[in-house]
Structures are given as structure tokens and as C-alpha cells.
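Before any comments, here is the structure.
Residue numbers (my numbering): 87 to 347.
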């Protein structure tokens, strides 16, 4: 069964005398010089690209989930001869925009002072040099908001709690496309079964119960054996698809929707 969820609580209106975050972000963007804007834009573009890659990997991998606090730290430069290290993706973006490394430290310092980025260092192994320092840049929430304001991008709408993320909806559609025979266990994406499958528990509580696993057997009587396990939609899964397909079509237009028989 699907988890019961409390009614959504409407957001509190902003307190009097406080500047709305989007207004503040736009004001900060206006106060940046051209070079600072280019650096912030490149950081934002790389941040969004990494987020897309992490989301895609999460849908197909059953490995350990990497927290955002780690993958949002985007490498900027490795403090060694580029002949050994090459250039990072962020450096390549800046070069395309006409900016090179000279003066980068002061530019990042100015962005950090405004609370737009956090700059840190770690070490990375480079053959044949051994471990060398690497500079990482992480956009803050204000930094992403500021970049969106400057680029004219709207804040992505928040997904309602009763709807699935894109990778879980894709997994549900994959199971639906295999009806009525069922989807082979090996074809189930990553950890999606823990969030969708009956009888599992995820970190957020019990799973949605939208799909169920069943055994495919061969032989009869004492000679019968389980050949494989497959996944199929539960009644709750069918109801969820029927009830919310239009909402998902608008949210995830790139995910084909299966028409149920």
C-alpha cells in the first residue's frame, strides 16, 4: 500500500522588512562585474551538468548513493603541470567564454565573499607526480539563485510529495511496458525496487507498493523449480499511473508513458 501523507502545509508569507531571496539574488547579480558573472555562470552550468549525470547514474546503479555535499564540489584546477593533468571541465567552460586562469583566485574570493561559492582544496593522485593539491568550487543555494536570476531561468518547480522522481517514474514505466509477462529481475534499474516494490523499506519509510515481485516456475510437482523472478504492477501501481499520467507527462516529457490495457 502507498504511504499515507499529511496534507501539504502552505508556505508562510515572508516576514515584513525582509528581502525576498529571488530579489536579493537579482540585486547581487547586478552588483557583479562582467568577469565575476562569467565565472558564476560557468560554475552554474557545470553544477547543473554534474547534477544531470548524478541523476542518470542513480537510475541505473545499485551502488552507494553519493551525497550532494560531495558531488557539488566541482574541480576547478589541479595544481600541477597541465601536461600531466589536462584541464578540468570547469576550466574548459571558462576558456570557451574567453577566461583563463590568471586572476581566478581573486575572482573566486569575490564570489565567496558574497556567499555565492565555497572554495576548498583536497588532493588527487596524478601519475607520475603522486598526490597534488586540487581546488574545488561549490555553488551555494544563493549562488545558484543568483546565476538563475542573471540567466533569466525560473526556479524548477518543487515536485509534490505524492509524485515520483523522474528516475522512479521511468522505472515504473519500464515495468508497465513489460505487462503482462513482467519485467525480469535483472532489468530492474538500480535501487528503484526499494522505493517502488511491495515489502521493501526505504530511508523515508515503507516503499510505495506500486510493483510486486513474482516467481516464474518450470516443471510440475516435485520437479518444479524457479526459473527467474519478475516484476509486475500492483493494483496501486495501475491506479497511480492512471490517476497521475497527465501530471507526469508535463513534468517529465522525455519519459514515454505506457498505455495500460
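Where is the CB? At the ideal position from N, CA and C, for every residue including glycine.
Which complete alpha helix (DSSP H) runs does the region 150 to 220 hold, if anything under 4 residues is left out?
154 to 157, 168 to 171, 175 to 182 and 190 to 199
Would you kindly report the start and end of the unbroken alpha helix (DSSP H) that includes residue 344?
Taking the first residue of the chain shown as 1, we reach residue 344 at position 258. Segment: none, residue 344 is in no alpha helix (DSSP H) and carries neither H nor E.
Going along the chain, which unbroken runs of the beta strand (DSSP E) with 3 or more residues stay wholly within the region 266 to 326?
Taking only runs of at least 3 residues, the beta strand (DSSP E) segments lying wholly in the region 266 to 326 are 297 to 304 and 311 to 319.
Outcome for residue 152 when other beta-carbon atoms lying within 10 angstroms are tallied against a minimum of 16
Looking up residue 152 in the chain shown gives position 66. It counts as exposed.
Below 9 Å between beta carbons: does that hold for residue 221 and residue 211?
Counting from 1 along the chain shown, the entry for residue 221 is found at position 135. Counting from 1 along the chain shown, the entry for residue 211 is found at position 125. Contact flag unset, no.
Less than 7 Å between C-beta atoms, sequence neighbours within five positions excluded: which residues of the same chain meet that for residue 99?
Here residue 99 is taken as the residue at index 13 of the chain shown, counted from 1. In this predicted model, residue 99 has a pLDDT of only 42, less than 50, meaning its place in the structure is not dependable enough to derive any value.
Comparing C-alpha positions only, which one of 122, 115, 317 and 175 sits nearest to residue 273?
For this step, residue 273 is matched to residue 187 along the chain shown. Measuring from the Cα of residue 273, the nearest candidate turns out to be 317.
Smallest Cα separation from residue 336: which of 238, 249, 227 and 116?
For the purposes of this step, residue 336 is taken as residue 250 along the chain shown, with counting starting at 1. Closest option to residue 336, Cα to Cα, is 249.
Go through its chain and collect everything with a Cβ distance to residue 308's Cβ below 8 Å, but skip five positions before and after it.
The residue given as residue 308 occupies position 222 in the chain shown. Closer than 8 Å at Cβ, skipping near neighbours: no residue.
Please state the DSSP three-state secondary structure of residue 254.
For the purposes of this step, residue 254 is taken as residue 168 along the chain shown, with counting starting at 1. The answer is helix: DSSP assigns residue 254 an H, G or I state.
What does DSSP give as the partner residue(s) for residue 224 in the beta ladder?
On the chain shown, residue 224 is found 138 positions in, with the first residue counted as 1. Paired residues: 204.
Which residues in the same chain have their Cβ closer than 7 Å to the Cβ of residue 215, if we skip the five residues on either side of it in sequence?
Taking the chain shown and counting its residues from 1, the one referred to as residue 215 is at position 129. Excluding the 5 residues flanking it on each side, residue 215 has same chain C-beta neighbours closer than 7 Å at 166 and 170, in chain order.
Inter-stretch contact (C-beta, 8 Å, three-pair minimum) for the region 155 to 163 and the region 256 to 270
no
Backbone CA spacing between residue 271 and residue 128 [nearest angstrom]
In the chain shown, counting from the first residue as 1, residue 271 sits at position 185. In the chain shown, counting from the first residue as 1, residue 128 sits at position 42. C-alpha separation (whole angstroms): 41 Å.
By alpha-carbon positions, which one of 339, 315, 229 and 304 ends up nearest to residue 108?
For this step, residue 108 is matched to residue 22 along the chain shown. Measuring from the Cα of residue 108, the nearest candidate turns out to be 229.
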